[in-house]
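Participant:
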Amino acid sequence: MGECTACCRCSRVCIAVKLGGAESAPVHLRREIFTCSGCWRCVAACREGVDVYAEMMRSRRGRRLPESYRRALLRLLSSGIALPAGDVNALREMHGLRRVKLLGGEELRKLMPEVERKLSGRRAFE
Amino acid sequence: MLYPGCMVLTHFPEYEASARRLLEGLGFEVVEPERFVCCSSVFVPSVSDDWLTLAAYTLAQAAEHEGVLTLCGTCTAMLRRAVQELESRSTRRRVNSVLSELGVEYSETKVMHVLELLDGMMHELEFRRVRRRVAVQNPCNLFVPELSIAGRDALERLAIATGAELVRVGDECCGSALMLADEELALRAGRRRLQEAEGAPYLVACGNCAFLLRKQLGGEVVFFTELAVEALGLG
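If you're matching them up, the sequences are chains H and W in order.
-14 is the number of the first residue of the first sequence in this note's numbering; add one for each residue after it.
6 is the number of the first residue of the second sequence in this note's numbering; add one for each residue after it.
#1: Buried or exposed, going by whether 16 or more other CB atoms sit within 10 Å of the CB of H:D72?
#2: Going by Cα to Cα distance, which pick from H:L104, H:L93, H:R(-3) is closest to W:L57?
#3: Taking contact to mean at least 3 C-beta pairs separated by less than 8 angstroms, is the stretch 23 to 34 of chain W in contact with the stretch 115 to 130 of chain W?
#4: Straight-line CA distance for W:G168 to W:A236?
#5: Just confirm the distance between the C-beta atoms of H:P51 and H:R60, as a whole number of angstroms; I'd bet it's less than 8 angstroms.
#6: So, helix, strand or coil for W:F229, using DSSP?
#7: Using a 10 Å radius around the Cβ and a threshold of 16 neighbouring Cβ atoms, would you call H:H13 buried or exposed?
#8: Using a Cβ-Cβ cutoff of less than 8 angstroms, which residues in the same chain neighbour H:S63 once the five nearest sequence positions on both sides are dropped?
#9: Let me check one thing: in DSSP terms, what residues is H:L87 bridge-paired to?
#10: Note down the Cα distance separating W:C145 from W:M184, rounded to an integer number of angstroms.
#11: Using DSSP with H/G/I as helix, E/B as strand and the rest coil, what is W:A140?
#12: Whose CA, out of W:Q221, W:L147, W:Y207, W:E69, lies closest to the CA of W:E189?
#13: Report the rounded CA-to-CA distance for W:M127 versus H:K103, giving the unit in angstroms.
#14: In chain H, which residues lie with their C-beta within 8 angstroms of the C-beta of W:D55?
#15: Can you grab the Cα-Cα spacing for the pair H:L87 / H:I66, in whole Å?
#16: Check whether chain H comes within 8 angstroms of W:T132, counting only Cβ atoms and requiring the distance to be less than that.
#17: Under the rule that 16 or more other beta-carbon atoms within 10 Å means buried, what is W:T200, buried or exposed?
#18: W:Y111 and W:L91 look like a contact to me (Cβ under 8 angstroms); what is the Cβ gap, rounded to whole Å?
#19: Tell me whether the stretch 16 to 31 of chain H and the stretch 169 to 181 of chain W touch, counting them as touching only if at least three CB pairs, one residue from each stretch, are closer than 8 angstroms.
#20: Between W:V100, W:V52, W:R99, W:A166, which lies nearest to H:E99 when the distance is taken from Cα to Cα?
#21: Give me whichever residues DSSP pairs with W:L208 in a beta bridge.
#22: Would you list, in sequence order, the uninterrupted alpha helix (DSSP H) runs of no fewer than 4 residues that lie entirely inside the stretch 88 to 175 of chain W?
#23: Taking the DSSP output, what are the residues bridged to W:Y20?
#24: Taking the straight line between their C-alpha atoms, what separation do you get for W:T114 and W:T75?
#25: Could you check if H:C(-8) is buried or exposed, using at least 16 other CB atoms within 10 Å of its CB as the buried criterion?
#26: Per DSSP, which one or two residues make a beta bridge with W:G75?
#27: Determine which residues of the stretch 23 to 43 of chain H have a Cβ less than 7 angstroms from any Cβ of chain W, and write them out in chain order.
#28: At a CB-CB cut-off below 7 angstroms, which residues of chain H make contact with W:N101?
#29: Counting Cβ pairs, one atom from each stretch, are 3 or more of them under 8 angstroms apart for the stretch 13 to 28 of chain W and the stretch 101 to 110 of chain W?
#30: Give the range of the alpha helix (DSSP H) segment to which H:E40 is assigned.
#31: Could you check which residue in W:C80, W:H70, W:T230 has the C-alpha nearest to that of W:S46?
#32: Just to confirm my understanding: we take H:R15, look at its own chain, exclude 5 residues before and 5 after, and list those with CB closer than 6 angstroms. What are they?
#33: What is the DSSP secondary structure of W:M184, counted as helix, strand or coil?
#34: In terms of alpha-carbon separation, which member of H:L82, H:C21, H:G81, H:V37 lies closest to H:R118?
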């Protein structure tokens, strides 16, 4: 694992920076740590071997979670789907697809005990 | 095992249906995951290392199949990252101790986007010429070095092979996931992409790109699987 030299190659390929929505700084160190398109071009751009994505995730864990993330995680913990979903099986049947079974809340809590703990604590809401 | 991911599951069943038609037409037997769950996306790794256990649950379900086939860039990248992490024996043991409570075990599997599979078979296929004009929107994180299998021009090559007229645009991210933190920024990114294409539909290989360009901005998109099905006469 390499070390960041703040060369900002990652920042120069970042769509959020290009559009003026994030400061020009190493992407894992910037203030707008959640303003990210998830393209991973920063990962590909780094010449120092820094796992920029992993570093960004580490930085996020020390910050306040945006409401959109909190809602997605709550959905994920209850249904296994992160996005707002209606009756996915009705939609699938309309397109000739087989029904899917979703994981239940108890199983999901076993897979994500820390997520549940963090969401039920105060920090994520602050 | 064809894994649709949350975005395709909730918004684009036609993408999954055309992928299934394509795969079956190419001679593959397609199965679904026994139990569906999110790949962990950007959400879980933003708060916890639980992302790995969650991703491993999906991977473990492919144990009796030849691998996991994906339809979005993010699912592909997250599941592949999980495969890499699970190469460590101690990590695998820790993750499997949780998975065993749910009756599954991760051993080893591979993850491939359907585009990569198709790209690898292109030389064996005979495409009919289609009358279409398209621009290409790459699924960015499919092409992260070390994780990628297909070349960055896989979508372009498919379009050319089918005889579609290609509208040249820059290789830029659509900006879809920016919606989560800054909706206006995402819409600006998407509008810029649509302007660049000068009215041509975008050929896409990811539900997230389709979500921004079609669902949010009313632009036209064509899933690469739909184009391939049409050009291979599998419709």
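Beta carbons are placed, not taken as given, at the ideal position from N, Cα and C, and that holds for glycine.
Facilitator: A quick look at the data gives this:
#1: Here residue 72 of chain H refers to the residue found at position 87 of the first sequence. The residue in question, H:D72, is exposed, as its Cβ has fewer than 16 Cβ neighbours within 10 Å.
#2: As a first step, residue 57 of chain W is located in the second sequence; it is residue number 52 there, counting from the start. It is H:L93 whose Cα lies nearest to the Cα of W:L57.
#3: yes
#4: For the purposes of this step, residue 168 of chain W is identified with residue 163 of the second sequence, where counting begins at 1. For the purposes of this step, residue 236 of chain W is identified with residue 231 of the second sequence, where counting begins at 1. Spanning the two alpha carbons is a distance of roughly 9 angstroms.
#5: Here residue 51 of chain H refers to the residue found at position 66 when the first sequence is read from its first residue. Here residue 60 of chain H refers to the residue found at position 75 when the first sequence is read from its first residue. That pair is no contact at about 14 angstroms.
#6: Taking the first residue of the second sequence as 1, we reach residue 229 of chain W at position 224. Helix at W:F229.
#7: Position 28 of the first sequence, counting from 1, holds the residue named residue 13 of chain H. Buried, since its Cβ has 16 or more Cβ neighbours within 10 Å.
#8: Within the first sequence, residue 63 of chain H is the residue found at index 78, counting from 1. G90, L93.
#9: The sequence position of residue 87 of chain H within the first sequence is 102, counting from 1. Beta-bridge pairing links H:L87 to W:F41.
#10: Here the question's residue 145 of chain W lines up with position 140 in the second sequence. Here the question's residue 184 of chain W lines up with position 179 in the second sequence. About 16 angstroms.
#11: Sequence index remark: in the second sequence, residue 140 of chain W carries index 135 (1-based). In the structure shown, W:A140 sits in a strand (DSSP, three-state: E or B).
#12: For the purposes of this step, residue 189 of chain W is taken as the residue at position 184 of the second sequence. Closest option to W:E189, Cα to Cα, is W:Q221.
#13: Residue numbering aside, residue 127 of chain W sits at position 122 when the second sequence is read from its first letter. Residue numbering aside, residue 103 of chain H sits at position 118 when the first sequence is read from its first letter. Cα to Cα, the separation comes out at about 47 angstroms.
#14: The residue you call residue 55 of chain W lines up with position 50 of the second sequence. Simply L96, M97, P98, E99, V100.
#15: As a working note, residue 87 of chain H is residue 102 in the first sequence. As a working note, residue 66 of chain H is residue 81 in the first sequence. Roughly 8 angstroms between the two C-alpha positions.
#16: The sequence position of residue 132 of chain W within the second sequence is 127, counting from 1. Going by the sequence as given, residue 132 of chain W is Phe instead of Thr. No, W:F132 lies away from the interface with chain H (no Cβ there is under 8 angstroms from its Cβ).
#17: By one-based count along the second sequence, residue 200 of chain W stands at place 195. Checking the displayed sequence, the identity of residue 200 of chain W turns out to be Gln instead of Thr. With fewer than 16 other Cβ atoms within 10 Å, it is exposed.
#18: For the purposes of this step, residue 111 of chain W is identified with residue 106 of the second sequence, where counting begins at 1. For the purposes of this step, residue 91 of chain W is identified with residue 86 of the second sequence, where counting begins at 1. W:Y111 to W:L91, Cβ: 6 angstroms. Contact.
#19: yes
#20: By 1-based counting over the first sequence, the position of residue 99 of chain H is 114. For H:E99, the nearest C-alpha among the options comes from W:V52.
#21: Residue numbering aside, residue 208 of chain W sits at position 203 when the second sequence is read from its first letter. Answer is W:V141, W:V227.
#22: 94 to 104, 119 to 126, 159 to 166
#23: The residue you call residue 20 of chain W lines up with position 15 of the second sequence. Partner(s): none; W:Y20 has no beta bridge.
#24: In the second sequence, counting from the first residue as 1, residue 114 of chain W sits at position 109. In the second sequence, counting from the first residue as 1, residue 75 of chain W sits at position 70. If I take the Cα positions, the gap works out to 13 angstroms.
#25: The residue you call residue -8 of chain H lines up with position 7 of the first sequence. Under this definition H:C(-8) is an exposed residue.
#26: Here the question's residue 75 of chain W lines up with position 70 in the second sequence. Note on identity: in this sequence residue 75 of chain W is Thr, with Gly being the wrong assignment. Answer by DSSP bridge pairing, in chain order: W:Y8, W:H118.
#27: G23, C24, W25, R26, V28, A29, M42
#28: Locating residue 101 of chain W in the second sequence gives position 96, where the first residue counts as 1. In chain order: nothing, as chain H lies at least about 12 angstroms away.
#29: no
#30: For the purposes of this step, residue 40 of chain H is taken as residue 55 along the first sequence, with counting starting at 1. Unbroken alpha helix (DSSP H) run through H:E40: 37 to 45.
#31: Along the second sequence, one-based indexing puts residue 46 of chain W at 41. The shortest Cα separation from W:S46 among W:C80, W:H70, W:T230 belongs to W:C80.
#32: Start at 1 with the first residue of the first sequence, and residue 15 of chain H comes out as number 30. Contacts found: A7, E8.
#33: Taking the second sequence and counting its residues from 1, the one referred to as residue 184 of chain W is at position 179. Correct three-state label for W:M184: helix.
#34: This structure cannot speak to residue 118 of chain H, because chain H is shown only from -14 to 111.
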